Structures are given as structure tokens and as C-alpha cells.
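When we follow the working numbering, the leftmost residue of the sequence shown carries the number 221, and every step to the right adds one. Notes for the one structure printed next.
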Amino acid sequence: MAPAQWLSSRLHRQRHNYGQCRRQNRQKQMTPTYKYLLWLACWVVPLLATQAQDTTQTLTLQEYQQVILANHPVASQAALLTEQARQELRMARGVLDPVLSSKLYRKEYGGKEYYNLWNNTLRVPLWFGPVLQAGFDKNTGQYLNPEHTMPSDGLSYAGISVPLGQGLFIDERRATIQQAKLMQGIAEAERVKTINKLLLQATKDYWEWLLQHRTAQLYQEALELAAFRLQAVRIRAQEGDLAAIDTVEALMALQDREVMLQQTQLALQNARLQVAVHLWAEDQVPLELQEGTAPALAGTEAAAVNPEELQALLAAARRNHPELRKLGLKGEQLEVERRYAANKLLPKLNAEYNVLQRDFYLQPDVVEQDYLQGNYKLGLSFSIPLFLREERGKLQLTKIKQQANSLELVQQSREIENAVQAAYNELQALEEQLQLQERMVANALTLRDGELIRFQNGESSLFLINSREVKLLEAQAKLYAMRTKYAKAKTTLYWAAGEIPVE
């Protein structure tokens, strides 16, 4: 029950009890002043509380979370992780970029020109391993190496280099690109993890702000009631209807509630500051909460999470939890690394064929069989380490990393499932505690109202009424704290499952 609703209900019951007491004790005549004060308690105080609520600006949890996601520096940093992974993939794909190179060498000594060497090459790596290449060379000079001798118009060539052993199924280029693609998924999982951590802390701070706000309202209304009662007791003491010592009792109750309100207002100010830490405008400009801003009450009410929803959360955690996603993608990266390490055990066997022609321009007869068989440059290379210790060590090290990653994945899966189950158990326990605490508040309210009737009948004292009201305030404050704990536990449940929902 909200503080204003509790006060209105309490005053309504008090007026009803007062009317019943009048019917039972018509022989007791109240003074006109005291009747006026009773009317004031029944009508004016609730109206003032309602008007104060009407002028309050509410900041809902959804609005609060949306502001955080839009402008918070940590959220902006998390968004940069995705862009960083995209640029790393772009860098990795650079190994497939065509490369154009040109070299010019000239030697002149003793006034004699020895040679001029001009070599131009274009290499185009293909995704599946081979490399297309083309070039144009033009060499001249009196002392030119016979190997470099060519027609005066130059010599052009075009061909292909194919790996037949190491690099046939996977090579460094393909391994780098595949791992960079998987890194995008890892960066996205890290972004979700960072956002979840930010929302978890920010949402808990919001619920703490709500708790202190509602508690301050409760003590403020209790203070107003104590001040009104002190005024009424003083009037009745002056008229001889009550003993003068009762004014001291009423004054002590007022002072005690002033202390509780001051403590709660201090906690409320600190809670507002903690909430404001998470509020940012564009261009990293910090925002402040306005004085009239209050949190919304929605979200603290008990909403049971049934076993079917729990199973759905567990299934979602197994699929999409950031930690499990990162470990799964890391395992795929290690598999790419293992395949590449295994491929390094093969010998290097490369074949290269280039067709040659005079000058730079393509001649029509280049594609004819006779021309291809008579104008070409062919190369074949082979090499292999005799012991392969580096290659075998790399392969075994990768396998060990795979095994460690698999074990960590199993452990993390178990811990996450247990964390979700523990959060669910806490939520279930809090639901039962909330119901019990609500009944305790209702019982405390009944006891307080009964004590008021006894007081009006002359069978009780102001001390007992204050004691009953203190118990009622404690029960109501504990109920607010328990509802806040329930809201935090529900947020923790979704965080443990991998993602906090934001509408």
C-alpha cells in the first residue's frame, strides 16, 4: 500500500471509529475546537498529500534505462567493441588485397651503361589458396645478364601459383580471416556483458532510490500526524480533558519521527546522487535529477515466475549467455588454429606457371596451344623440416588450449545454471515473505486502530497509541524494503540468465 493510500485509509478508519465511539458515548461532550481538529485530520491532510503527489514528475524505470543505453559513456564504449571487431576483420581481409609492385634498377660505371632493369608485378591472392599474377619486364644494357635478356619491347607474363601441399586446404590468410569473423561474435558478447553489468548496477540503484523515496514519504506523513496529534493533545490538556504529561509523550513521539525523517532524507539524497551518476546527455554531458522528480512504483509488486519461465530462462542462458557465447566462439577460433597447425605438418609444394609474350599488349595467339607450349616459365618448389618439432609442438599446444577451453565451458555452464536457479529460489522465498509481511502490516494496523478506540473510550493511553504506530511504521518500512529486495532479486535473475530486458 502506498504511503498516501495508507494515510487516507488510516484516517478513514479513524473517522469511522470516532463516529462509532460518539454513538457509544453520547454522554461525553467534545469541545468545538476538538471536533474541528478531527474534521481537519479526516479531510485536509489527505487532500494536501494528494496535491503533493500531483505535482511530482515521475521517472519510470524504462525511461531511466533508455537514457542510460543512449548516452552513458560505458554504453558508448561497449558499442565501440563491435566497431573495433569490424575494423579488425577489415584488416584481416587486407591479406587478400591485390598488390601492385614496380622495381627499377640502373647501373652505370666509368661512363658506361651496364644495364637498366624495370620489373612490374601484379599479384591477386585468391580465397581458396592460389595466387594469380601478371607482370611486365623491360631490360636493356650492354652488360645485361643473359637470363634477363628479352625483346626490346619488353616481355609480359600472366600465370598462377598453386600450393599443392601446405596451404592447399587452409593457410595463414584464410585462418586469419576466419578468426577475425569469429571475433565479431566475441565482441558482441562482450558488449552485451558490459551492458548487462551496467544495467544491473543502475537498476539496483533505481530500486534503492525508490525505497528511500517511499520511506521518506512514510515518515513525513507520520511526522505530520504526530504534529497534528501534539496540537490536539495540547488543546485537550488545556481544556482539562487530558493530563499535561500527555503533551510530553506526544512531543517525544514528534521528535523521534523528526530524527527518523532526517535520517531517511539523508539516505534519499545519497540515493538520488547515485542514480544521477548513471544519467548522461549527448556529448558526455552529465545530467542531474530535478527536485520534483520521483521514481515510479511499478516493478516492485510481486509477479510470480513460474517453473516454465524458469526453464525458458535456462534455455536462453545456454544459447545466448555472453560468457558461454565467448567460450563457444573461442573454441571455434581454436579449431581454426588447430586445422592450420595440422596443415603446417605437410611439406611445402608449390607449382607456378606463367605464359610469356612480347611487349605489354595482349596478342591474339597467346591462348593457342602451340603458343602456350612454347612460351612459358614453369616453376616447382619443395621443402620440409626434417623433425617438424615446431609444427608438432604448435599442434599439441593448440589441442591443450582446446581442452582447457572445453573444461571452462562446462564449468561456466554449471555456474550460470546454478546462479539462475539460486536467483529463482530467492525470488520464490521473497514472494512468500512479502505475503507474510503484508499480513503483518494489516495486523499492526488493526492493533493500532483498536488502540485508538480504547483511547477514545478512556481505556488506553497516548503511550500505547504511539507504540502501536511505531510498530506499524516499522512493519510498513520493512515491507517497502522487502519489495525493493524483491525487485533487485528479479533484476539479478535476468542478469544471471544473460540479458536484462529493456522495453
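Beta carbons are placed, not taken as given, at the ideal position from N, Cα and C, and that holds for glycine. Source: prediction; values computed, not measured.
In this chain, the alpha helix (DSSP H) harbouring LYS621 covers 609-676. Counting along the chain, ASP357 sits inside the beta strand (DSSP E) bounded by residues 351-360. Bounds of any beta strand (DSSP E) do not take in ILE604, whose DSSP letter is neither H nor E.
Apart from the 5 residues on each side of it in sequence, LYS413 sits with its Cβ closer than 6 Å to the Cβ of PRO542 in its chain, given in chain order. About 15 Å separates the beta carbons of THR704 and ALA514, which is beyond the 8 Å limit, so they are not a contact pair. DSSP, reduced to helix, strand and coil, places GLN440 within a helical segment of the structure shown. Per the C-alpha coordinates, the member of ASN336, ILE380, LYS597 positioned closest to LEU346 is ILE380. If you ignore the 5 residues before and after LEU600, its C-beta comes within less than 6 Å of the C-beta of ALA571, all in its own chain and listed in chain order.
By the criterion of a C-beta distance shorter than 8 Å, GLY405 is surrounded in its chain by ARG545, LEU549, once the five residues flanking it on both sides are discounted.
Spanning the alpha carbons of LEU517 and ARG659 requires a straight line of approximately 20 Å. Residue burial annotation: SER376 is buried, with at least 16 other C-beta atoms found within 10 angstroms of its C-beta.
Looking at the backbone, the Cα of ALA522 and that of ALA697 are separated by about 17 Å. Note on GLY718: 16 or more other CB atoms within 10 angstroms of its CB, so buried under the neighbour-count rule. Counting other Cβ atoms within 10 Å of its Cβ, PHE602 stays below 16 and is therefore classed as exposed.
In terms of Cα proximity to ASN540, the closest of GLN577, LEU337, THR467, ILE636 is ILE636. With a cut-off of 8 Å on Cβ pairs, the stretch 501-511 is not in contact with the stretch 413-423, counting fewer than three such pairs. Counting along the chain, THR278 sits inside the beta strand (DSSP E) bounded by residues 277-279.
Per DSSP, the continuous beta strand (DSSP E) segment holding GLN577 begins and ends at 568-578. Residues of the same chain with a CB within less than 8 Å of the CB of GLN653, apart from the 5 flanking positions on each side, are MET702 in chain order. Cβ atoms of PRO383 and GLY349 come within 8 Å of each other, at about 5 Å.
For THR711, the enclosing alpha helix (DSSP H) begins and ends at 682-717.
Contact between the stretch 480-487 and the stretch 431-439 is present: three or more C-beta pairs spanning the two stretches fall below 8 Å. When the five nearest sequence neighbours on each side are left out, the beta carbons in the same chain lying within less than 7 Å of the beta carbon of VAL575 are those of TYR377, ALA378, GLY379, VAL586, LEU592, ASN595, TYR596, in order along the chain. Nearest in C-alpha terms to SER372, of all of LEU682, ALA642, GLN577, ASN490, is GLN577. Judged by beta-carbon spacing, ASP391 lies beyond the 8 Å limit of GLY374, meaning their Cβ atoms are not closer than that value.
Residue nearest to LEU629 within the set ASN677, GLU552, SER681, GLU333 is GLU552 (criterion: CA-CA distance). Residue burial is scored here from C-beta neighbours: ASN677 has fewer than 16 other C-beta atoms within 10 angstroms and is therefore classed as exposed.
The criterion of a C-beta distance shorter than 8 Å is satisfied by LEU565 and LEU608. Comparing alpha-carbon positions, the option among ALA457, ALA470, GLU367 lying closest to ILE685 turns out to be ALA470. In this structure, the CA atom of ALA536 is about 44 Å from the CA atom of GLY385. The C-alpha of GLN531 is placed about 25 Å away from the C-alpha of GLN655.
Three or more beta-carbon pairs separated by less than 8 Å are not found between the stretch 659-675 and the stretch 446-455, which leaves the two stretches without contact. Contact check for ALA496 and LEU509: beta-carbon distance about 5 Å, within the 8 Å limit, so the pair qualifies. Taking each of GLU588, LEU474, GLU555 in turn and checking the Cα distance to ALA624, the smallest one comes out for GLU555. With a contact defined as Cβ atoms closer than 8 Å, LEU431 and ARG477 miss out at about 18 Å. Runs of the alpha helix (DSSP H) lying entirely within the stretch 462-504 and spanning at least 4 residues, in chain order: 465-496.
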